Amino acid sequence: MDEEPERAKRWEGGYERTWEVLKEDESGSLKATVEEILFQSKRRRVIESHEQVRLGMMRHLYVVIDCSRSMDDQDLKPNRLTSSLKLLEAFVGEYFDQNPISQVGIITTKNKRAEKLTDLSGNPKKHIDALKKAVDSVCAGEPSLYNSLNLAVQSLKHMPGHTSREILIILSSLTTCDPANIYELIKTLKSLKVRVSVIGLSAEVRVCTVLTRETGGLYHVILDESHFKELLMMHVKPPPFDLETPSTTPFLETQICLSLGGYFCPQCHAKYTELPVECKVCGLTLVSAPHLARSFHHLFPLQAFTENSVEEHQGDRFCQACQGELKDKTIFTCTSCQSVFCMECDLFIHDSLHCCPCCIHSQIGP
Amino acid sequence: MSDMFIFMAQVYRELQPFVAHPEGGGHGVLEMPSGTGKTISLLSLIVAYQRAFPLEVTKLIYCSRTVPEIEKVVEELRKLMEFYSKQTRESNNFLALALSSRRNLCIHPEVSSLRFGKEVDGKCHSLTASYIRAQHHSNPSFPVCQFYEEFDAVGRQVPLPAGIYNLDDLKDFGRRKGWCPYYLARYSILHANIVVYSYHYLLDPKIADLVSKELAKKSVVVFDEAHNIDNVCIDSMSVNITRRTLDHCQNNVDTLHNTIHKIKETDAAKLKEEYRRLVEGLKEANVARETDVYLSNPVLPDEILQEAVPGTIRTAEHFVGFLRRFLEYLKSRLRVQHVIQESAPQFLKDIYDKVCIDRKPLRFCAERLQSLLRTLEITDIADFSAATLISNFATLVSTYSQGFTIIIEPFEDRTPTIANPVLHFSCMDPSIAIKPVFQRFQSVIITSGTLSPLDIYPRILDFHPVTMASFTMTLARTCLCPLIVGRGNDQVALSSKFETREDFAVIRNYGNLLMEMSAIVPDGIVAFFTSYVYMENIVASWYEQGILENIQRNKLIFIETQDAAETSMALEKYQEACENGRGAILLSVARGKVSEGIDFVHHFGRAVIMFGVPYVYTQSRILKARLEYLRDQFQIRENDFLTFDAMRHAAQCVGRAIRGKTDYGLMIFADKRYARADKRGKLPRWIQEHITDGSLNLTVDEAVQLSKHFLRQMAQPFRQEDQLGLSLLTLEQLESEEMLQKIAQVAHQT
Numbered sequence: 001m002d003e004e005p006e007r008a009k010r011w012e013g014g015y016e017r018t019w020e021v022l023k024e025d026e027s028g029s030l031k032a033t034v035e036e037i038l039f040q041s042k043r044r045r046v047i048e049s050h051e052q053v054r055l056g057m058m059r060h061l062y063v064v065i066d067c068s069r070s071m072d073d074q075d076l077k078p079n080r081l082t083s084s085l086k087l088l089e090a091f092v093g094e095y096f097d098q099n100p101i102s103q104v105g106i107i108t109t110k111n112k113r114a115e116k117l118t119d120l121s122g123n124p125k126k127h128i129d130a131l132k133k134a135v136d137s138v139c140a141g142e143p144s145l146y147n148s149l150n151l152a153v154q155s156l157k158h159m160p161g162h163t164s165r166e167i168l169i170i171l172s173s174l175t176t177c178d179p180a181n182i183y184e185l186i187k188t189l190k191s192l193k194v195r196v197s198v199i200g201l202s203a204e205v206r207v208c209t210v211l212t213r214e215t216g217g218l219y220h221v222i223l224d225e226s227h228f229k230e231l232l233m234m235h236v237k238p239p240p241f242d243l244e245t246p247s248t249t250p251f252l253e254t255q256i257c258l259s260l261g262g263y264f265c266p267q268c269h270a271k272y273t274e275l276p277v278e279c280k281v282c283g284l285t286l287v288s289a290p291h292l293a294r295s296f297h298h299l300f301p302l303q304a305f306t307e308n309s310v311e312e313h314q315g316d317r318f319c320q321a322c323q324g325e326l327k328d329k330t331i332f333t334c335t336s337c338q339s340v341f342c343m344e345c346d347l348f349i350h351d352s353l354h355c356c357p358c359c360i361h362s363q364i365g366p
Numbered sequence: 001m002s003d004m005f006i007f008m009a010q011v012y013r014e015l016q017p018f019v020a021h022p023e024g025g026g027h028g029v030l031e032m033p034s035g036t037g038k039t040i041s042l043l044s045l046i047v048a049y050q051r052a053f054p055l056e057v058t059k060l061i062y063c064s065r066t067v068p069e070i071e072k073v074v075e076e077l078r079k080l081m082e083f084y085s086k087q088t089r090e091s092n093n094f095l096a097l098a099l100s101s102r103r104n105l106c107i108h109p110e111v112s113s114l115r116f117g118k119e120v121d122g123k124c125h126s127l128t129a130s131y132i133r134a135q136h137h138s139n140p141s142f143p144v145c146q147f148y149e150e151f152d153a154v155g156r157q158v159p160l161p162a163g164i165y166n167l168d169d170l171k172d173f174g175r176r177k178g179w180c181p182y183y184l185a186r187y188s189i190l191h192a193n194i195v196v197y198s199y200h201y202l203l204d205p206k207i208a209d210l211v212s213k214e215l216a217k218k219s220v221v222v223f224d225e226a227h228n229i230d231n232v233c234i235d236s237m238s239v240n241i242t243r244r245t246l247d248h249c250q251n252n253v254d255t256l257h258n259t260i261h262k263i264k265e266t267d268a269a270k271l272k273e274e275y276r277r278l279v280e281g282l283k284e285a286n287v288a289r290e291t292d293v294y295l296s297n298p299v300l301p302d303e304i305l306q307e308a309v310p311g312t313i314r315t316a317e318h319f320v321g322f323l324r325r326f327l328e329y330l331k332s333r334l335r336v337q338h339v340i341q342e343s344a345p346q347f348l349k350d351i352y353d354k355v356c357i358d359r360k361p362l363r364f365c366a367e368r369l370q371s372l373l374r375t376l377e378i379t380d381i382a383d384f385s386a387a388t389l390i391s392n393f394a395t396l397v398s399t400y401s402q403g404f405t406i407i408i409e410p411f412e413d414r415t416p417t418i419a420n421p422v423l424h425f426s427c428m429d430p431s432i433a434i435k436p437v438f439q440r441f442q443s444v445i446i447t448s449g450t451l452s453p454l455d456i457y458p459r460i461l462d463f464h465p466v467t468m469a470s471f472t473m474t475l476a477r478t479c480l481c482p483l484i485v486g487r488g489n490d491q492v493a494l495s496s497k498f499e500t501r502e503d504f505a506v507i508r509n510y511g512n513l514l515m516e517m518s519a520i521v522p523d524g525i526v527a528f529f530t531s532y533v534y535m536e537n538i539v540a541s542w543y544e545q546g547i548l549e550n551i552q553r554n555k556l557i558f559i560e561t562q563d564a565a566e567t568s569m570a571l572e573k574y575q576e577a578c579e580n581g582r583g584a585i586l587l588s589v590a591r592g593k594v595s596e597g598i599d600f601v602h603h604f605g606r607a608v609i610m611f612g613v614p615y616v617y618t619q620s621r622i623l624k625a626r627l628e629y630l631r632d633q634f635q636i637r638e639n640d641f642l643t644f645d646a647m648r649h650a651a652q653c654v655g656r657a658i659r660g661k662t663d664y665g666l667m668i669f670a671d672k673r674y675a676r677a678d679k680r681g682k683l684p685r686w687i688q689e690h691i692t693d694g695s696l697n698l699t700v701d702e703a704v705q706l707s708k709h710f711l712r713q714m715a716q717p718f719r720q721e722d723q724l725g726l727s728l729l730t731l732e733q734l735e736s737e738e739m740l741q742k743i744a745q746v747a748h749q750t
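From first to last, the protein sequence lines stand for chains Z and W. Heads up: the first sequence is residues 1 to 366, going by the UniProt record's numbering. Heads up: the second sequence is residues 1 to 750, going by the UniProt record's numbering.
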């Protein structure tokens with residue numbers, strides 16, 4: 001009883017040095033270099049993501065949320081759990097926006113156990129509701145990496161080979177309580193081609209480094225809330241599609257008949273109320289046309305624009321998209337239609353539009 | 001390939017000031033943080049000199065502390081040689097090898113299965129001694145070591161083929177040829193270009209005499225990890241005699257007596273022959289030393305060599321009688337009720353007054369015993385360690401009037417009721433043991449990650465260095481974070497000083513610090529206490545206060561004990577816990593095994609917490625005597641030396657966590673005394689330059705916040721390209737005008 005009101009008072013909470021963020025570093029080493037490194041990696045990410053790689057369209061992702069004692073920590077406001085759940089809500093929304101024919105499931109881990117909050121499904125509403133409910137749950141005990149990975153693998157291993165199997169772990173605790181040797185499990189994960197990524201909320205833990213390195217996932221540790229969001233959003237984009245896996249199963253069936261209050265499977269005429277879903281009777285993946293259209297760009301990503309300096313550019317100094325003046329040092333040129341864009345528009349085109357507006361314009365036009 | 005360039009470039013940059021050094025001759029002291037390529041830099045530079053001036057630098061003797069460290073050096077050397085042969089496209093004829101004890105090199109199936117070094121040595125001796133082999137000659141059923149026989153028969157004619165040999169390579173080679181790897185290695189170091197072995201082969205007079213005395217004068221000697229070299233020197237010259245030693249010795253003397261009796265009946269000629277040899281004296285050794293073939297042995301001072309063994313101990317029976325008398329005298333001295341401290345001359349006078357033993361025969365005691373053991377064909381030398389110890393003591397005490405002290409304590413300070421008399425004959429002057437090394441070899445380089453303050457080493461080791469330099473790390477990111485925690489959250493000053501040692505508030509705050517840290521530091525934390533007693537007290541108190549339980553929620557706890565097997569078990573489990581994500585804390589003691597020889601790379605040590613300042617136990621009489629000696633002889637104040645000693649151990653402890661540029665770790669000094677300039681100033685430069693005003697005298701909470709921030713920064717992705725141009729250089733960058741200027745500038749400064 002005593003603890004509850006105390007926690008609510010900010011001034012009695014953690015000691016913080018907020019001014020340190022603004023501190024100018026005389027020696028020019030720590031702050032400056034680390035931030036520069038971060039900036040560079042951001043730039044690289046933009047460039048990398050522009051490369052011509054086919055990305056997996058159908059994803060099966062389990063998000064594991066650590067609900068252990070350390071999630072009570074108040075370094076994210078109001079505490080780590082609430083903040084994470086809120087960001088995850090946004091993540092789920094964004095995820096289904098970008099990957100409409102993919103599925104998500106949520107697992108929580110606390111008290112050395114792992115529990116399934118939601119099963120794999122393609123319905124964002126269900127997940128968001130579950131996440132909203134989870135805010136009130138009590139954080140206690142230690143998490144168990146082994147149990148949560150094991151739980152996720154139990155359902156992921158039944159997923160067809162042409163889809164991606166992924167696990168994303170939000171880990172706050174620095175310790176894990178495992179019933180068996182986790183390195184054996186990592187081997188299994190590797191052989192099943194499950195990609196595990198981790199976002200750490202406190203510091204770099206060795207076992208996660210190994211886990212992500214072995215399974216080909218990403219491992220990041222957050223600096224603050226905005227960085228957390230950035231890292232989370234990185235996982236919205238599908239991972240590179242593994243071309244080695246032959247897609248033996250019939251790919252997609254889009255001939256779905258809509259009738260009052262549901263969809264019928266074209267093969268066996270089973271009725272479903274929501275899409276996308278895998279037909280329980282004949283195993284066909286059922287999606288609607290809009291879903292497919294929205295995932296389409298992952299198969300044919302827009303080529304990266306070439307980067308030039310402003311000085312070299314001849315002609316009008318206006319961005320073709322926003323019509324604003326080109327103020328930045330660098331400009332971007334579309335490789336097919338030679339239109340010029342500013343950096344902001346370049347990011348917008350590649351991240352949201354997925355097609356060059358000028359190319360489209362010239363296609364439609366006379 | 002480019003990696004190698006990058007690496008070489010880094011080496012060149014960090015050691016540039018040193019380049020001018022070896023050809024000029026002279027000695028040097030170099031401090032350079034571990035993991036920055038200290039070993040490879042030294043190796044590559046000296047090898048380069050060896051290749052360029054094969055006549056001036058004939059041999060490199062690289063001394064390190066432990067077997068794993070020796071192996072590491074050999075591996076570095078192998079890489080270097082591979083690089084050489086790749087670059088020059090010709091096979092070079094370098095011979096480099098590691099040498100260790102028989103225990104690590106023996107391939108005899110029976111002998112090598114023994115566990116302790118002494119047992120192996122004794123067993124080996126009983127199979128390879130000359131008279132055993134002679135007996136084998138007459139009676140082939142007598143067991144000998146076939147590997148040694150084989151080596152002795154053919155091994156000496158063909159030198160070991162050029163190449164790099166670590167201990168396992170030597171063993172393999174030995175197995176293939178059927179030669180004894182130990183004797184092969186000992187023989188081969190004479191013509192090897194590079195020898196890697198332990199300090200003791202050069203510093204301990206007893207071993208150096210056997211192994212290293214014929215090494216060429218034009219050698220470069222490197223002592224790596226040498227921050228404790230003065231203690232090694234002192235230990236090698238000191239003798240402790242307990243009642244058990246005397247009892248053993250009594251048995252030895254009885255055995256000697258019986259054997260002499262038997263021999264006299266069977267083979268009196270042998271003893272006569274020995275007598276004749278002793279009359280002639282130790283002339284041979286003298287000739288050898290004058291022609292500068294041998295490394296001089298401080299136990300066997302020059303004057304002795306010119307004289308014959310005095311008549312009183314020349315015959316075997318007389319010598320045994322002499323030993324008996326000496327033994328009785330020592331026994332009587334151990335029967336004291338209070339502590340006695342006296343100098344060597346006092347001791348000699350007393351022994352003359354009481355049992356009429358003169359100084360001169362005492363001086364020959366060690367030599368005489370060796371000779372007798374040889375004559376009597378005693379097979380198991382290990383059995384006679386007690387007698388050897390006593391005779392060494394006799395020789396040392398009569399040879400050196402200065403630099404030694406004798407302390408007789410009737411009981412230990414901690415247990416005043418249990419009689420446990422000990423006679424400490426303790427060396428106070430490390431320069432005695434190391435002097436022959438400095439005199440004989442043209443260049444001696446003392447190096448370690450933590451040698452600050454540098455100027456004290458030349459003073460206590462009594463030599464004049466040509467180069468003294470402390471290097472820092474060039475880092476692309478600040479990968480170490482030293483914090484000095486001086487207060488608890490309740491503002492209680494944290495300190496391990498005597499007055500507040502038992503204070504509950506301090507202990508609680510220390511517990512609080514560890515608890516908070518265990519919650520935010522990933523994987524492994526290593527905590528060091530100042531002594532075993534202090535650790536026991538604190539841990540017991542934490543247990544009562546329930547702190548331990550709270551810590552265990554975050555991490556497992558392992559404790560270093562004085563038992564080596566227990567400790568290595570704890571270490572193994574600690575590493576396992578760090579590896580599989582459970583996280584662990586290792587509680588250990590400064591000056592213990594963990595603080596000296598074990599590295600905690602990456603996740604094995606993300607934070608080191610130093611609870612208190614690790615001063616030595618100042619009430620020890622040996623230490624007091626040594627401090628006094630240092631003050632009188634070298635004008636080093638007691639306090640300076642104590643602080644120096646404490647700080648080098650503290651630095652050694654915290655330095656365990658950072659073993660390279662990609663590594664990162666917190667260094668927490670939990671004692672307010674660290675914030676004082678006299679303490680802080682004695683830390684190595686590479687740690688000191690990261691201690692800002694903001695990291696002094698922090699509270700536990702502040703330290704936690706800073707650590708959290710630091711750990712998050714360090715967890716950000718870090719690639720090799722990020723280091724490029726800062727702490728790594730490509731060939732182009734290295735050859736650029738700008739960089740060359742920078743190097744020249746740095747070289748000029750130091």
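In this text, a Cβ means the ideal position worked out from N, Cα and C, and glycines have one as well. As the structure is a prediction and not an experimental result, all values here were calculated from the model.
Item	Value
At the 8 Å Cβ level, is Ser172 of chain Z part of the contact set with chain W, yes or no?	no
For Cys208 of chain Z, report the span of its alpha helix (DSSP H) as first-last.	206-215
Is the beta carbon of Phe604 of chain W sitting closer than 8 Å to the one on Cys578 of chain W?	yes
Give me the Cα-Cα distance between Thr478 of chain W and Tyr197 of chain W, rounded to the nearest whole angstrom.	35 Å
If the cut-off is 8 Å on Cβ atoms, which residues from the region 523-542 of chain W count as contacting chain Z, listed in chain order?	Asp523
For Ser188 of chain W, collect the residues of the same chain with a Cβ closer than 8 Å to its Cβ; drop the 5 residues on either side in sequence, then sort them by chain order.	Leu95, Leu97, Pro159, Leu160
Does the separation of the CB atoms of residue 810 of chain W and Met515 of chain W fall below 8 Å?	Outside the shown range of chain W, which is 1 to 750, sits residue 810 of chain W, and nothing can be said about it.
Report all residues from its chain with a CB closer than 6 Å to the CB of Cys61 of chain W; omit the five preceding and five following residues, and keep chain order.	It should be noted that the sequence gives Ile, not Cys, for residue 61 of chain W. Here the set comprises Val195, Ser219, Val221.
Just confirm the distance between the C-beta atoms of Val211 of chain W and Tyr199 of chain W, as a whole number of angstroms; I'd bet it's less than 8 Å.	Going by Cβ atoms, the distance from Val211 of chain W to Tyr199 of chain W rounds to 12 Å, so no, they are not a contact pair.
State the Cα-Cα distance for the pair Glu566 of chain W and Ile551 of chain W, rounded to the nearest angstrom.	22 Å
Rounded to the nearest angstrom, what separates Leu218 of chain Z and Pro124 of chain Z at their Cα positions?	24 Å
Which runs of the beta strand (DSSP E) fall wholly inside the region 610-688 of chain W and span at least 3 residues, in chain order?	665-670
I'd like to know whether the C-beta atoms of Val492 of chain W and Asn512 of chain W end up nearer to each other than 8 Å.	no
Quick check on residue 838 of chain W - is its C-beta less than 8 Å from some C-beta in chain Z?	Any property of residue 838 of chain W remains undetermined from this structure, which presents chain W solely from 1 to 750.
Counting pairs of Cβ atoms below 8 Å between the region 217-232 of chain Z and the region 263-272 of chain Z, do you hit three or more?	no
Work out the CA separation of Glu572 of chain W and Ile525 of chain W for me, nearest whole Å.	14 Å
8 Å is my cut-off, CB to CB: does Ile186 of chain Z come that close to chain W?	no
Please tell me whether Ser84 of chain Z has its Cβ less than 8 Å away from any Cβ of chain W.	no
Rounded C-beta distance between His60 of chain Z and Gln103 of chain Z? I'm assuming under 8 Å.	5 Å
Applying a beta-carbon distance threshold of less than 8 Å, which residues of chain Z neighbour residue 753 of chain W?	Here chain W covers residues 1 to 750 and nothing more, so residue 753 of chain W does not appear.
May I ask which residues mark the beginning and end of the beta strand (DSSP E) holding Val506 of chain W?	Counting along the chain, Val506 of chain W falls outside any beta strand (DSSP E), though it belongs to the alpha helix (DSSP H) covering 504-520.
Does DSSP classify Val309 of chain W as helix, strand or coil?	coil
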